[in-house]
Amino acid sequence: MNVLAAVGPEAVPAMQAHAESAWPEEACGVLVGGRYEERTNLAADREGSWRMDVGALRGRDILAIVHSHPGGCKHFPSRADMQCQIDTALPHGIVPVTQEGESRPLAGEPFFWGPGEAPEAYLGRPYRHGVTDCYTLVRDWYARERGLSLPALAYDWRWFADEPELDLYASWRERLGWRQVEPAAAEPGDLVLLALLGSRVANHAGILLGGGLLLHHPSARPYDPTCLSRRTPVGRLVKYVVEVARPPEAE
10 MNVLAAVGPE AVPAMQAHAE SAWPEEACGV LVGGRYEERT NLAADREGSW RMDVGALRGR
70 DILAIVHSHP GGCKHFPSRA DMQCQIDTAL PHGIVPVTQE GESRPLAGEP FFWGPGEAPE
130 AYLGRPYRHG VTDCYTLVRD WYARERGLSL PALAYDWRWF ADEPELDLYA SWRERLGWRQ
190 VEPAAAEPGD LVLLALLGSR VANHAGILLG GGLLLHHPSA RPYDPTCLSR RTPVGRLVKY
250 VVEVARPPEA E
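Residue numbers (my numbering): 10 to 260.
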């Protein structure tokens with residue numbers, strides 16, 4: 010179920026008004042029964058984080074948890090945001106807020122990620138770190154096309170430069186029984202891992218399709234609505250390939 014399709018017409022303006030009134034602090038709230046409810050931000054550093062009394066929400070039919078980004082990483086979730094979504098197993102939304110000079114803060118369109126929020130199409134997804142990126146594309150494809158559940162993970166933008174020991178792909182593929190195969194023996198449905206931007210570990214991935222095409226979602230920025238998921242002849246990327254992995258169900 011898509012969150013924005015399930016809420017009433019007043020929900021988005023209410024989220025935006027709360028985000029603007031709380032600026033420069035982060036606002037937080039919940040969507041319940043199609044309506045937005047403001048919650049008090051209990052964080053010590055309210056300009057850089059948020060925390061709400063989740064206990065008061067127990068037993069209620071929460072559609073999604075929402076907070077604002079008044080500065081910094083405005084248009085994509087932080088690692089902490091992604092971990093909170095994983096821990097709660099609820100869709101999360103962010104309302105980005107901008108301010109230029111002495112103008113009043115202006116809230117943009119909210120975006121959501123989590124259960125039910127993945128786009129239907131594999132191609133043409135605008136890039137947003139942690140929401141529609143190379144890993145979420147890989148997760149969506151294997152879940153829908155192979156019935157395989159890959160773990161939800163929390164990671165920073167450019168984690169491979171700042172924290173390469175996280176090793177996003179090694180953290181699960183061997184544990185789930187994915188077998189490494191020789192690139193020359195790669196077959197459609199295999200996972201192709203690549204190291205870009207001088208990374209010491211695989212920091213990009215795609216799915217090999219028929220005709221030697223790689224379905225993937227590259228980007229040089231954490232939020233770039235002009236950078237779309239695509240199919241690229243894998244031969245153009247072969248110098249970056251570090252591993253090809255095959256899911257166990259394909260054995």
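Note that the Cβ used here is the ideal one computed from N, Cα and C, for glycine as well.
The C-beta distance from Phe121 to Leu13 rounds to 7 angstroms, short enough to meet the 8 angstroms contact threshold.
Of the residues assessed, Asp149 falls on the buried side of the cut-off, its CB having 16 or more other CB atoms within 10 angstroms.
Comparing alpha-carbon positions, the option among Leu66, Leu115 and Val63 lying closest to Pro33 turns out to be Leu115. Here the alpha carbon of Leu223 sits roughly 20 angstroms from the alpha carbon of Ala127.
For Phe121, the uninterrupted beta strand (DSSP E) segment begins and ends at Phe120 to Trp122. CA-to-CA, the gap between Ala20 and Asn11 works out to about 14 angstroms. Taking the Cα positions, Ala152 is about 6 angstroms away from Ser158. Annotated three-state conformation of Pro173 is helix, per DSSP.
Tyr164 and Thr145 have their C-alpha atoms some 12 angstroms from each other. The criterion of a C-beta distance shorter than 9 angstroms is not satisfied by Gly57 and Met91. Glu47 is bridged by DSSP to Gly38. Between Asn212 and Leu177, the gap from beta carbon to beta carbon is short of 9 angstroms. Taking a C-beta distance under 9 angstroms as the contact criterion, Arg240 and Leu218 qualify as a contact pair.
In the displayed model, Pro100 falls within coil according to three-state DSSP, outside both helix and strand. Residue pairing by DSSP places Leu205 in no beta bridge whatsoever.
The shortest C-alpha to C-alpha distance from Pro22 to any of Val190, Arg44 and Thr49 is the one to Arg44. Per DSSP, Thr141 lies in no alpha helix (DSSP H) segment and is marked neither H nor E.
For Pro173, the CB contacts under 8 angstroms within the same chain, skipping 5 residues up- and downstream, are Ser208, Arg209 and Val210 in chain order. The three-state reading of DSSP puts Glu252 in strand, counting E and B together. DSSP, reduced to helix, strand and coil, places Gln108 outside both helices and strands of the structure shown, so it counts as coil. Ranked by how close their Cα comes to the Cα of Leu246, the residues Ala214, Thr97, Ala36 and Val104 have Ala214 in first place. Bounds of any beta strand (DSSP E) do not take in Ala23; it lies within the alpha helix (DSSP H) bounded by Ala20 to Ala31.
In the structure shown, Ala214 adopts extended strand secondary structure according to DSSP, grouped into three states.
Here the alpha carbons of Leu175 and Phe169 stand approximately 7 angstroms from one another. Our two residues, Ile103 and Pro79, have alpha carbons roughly 10 angstroms apart in a direct line.
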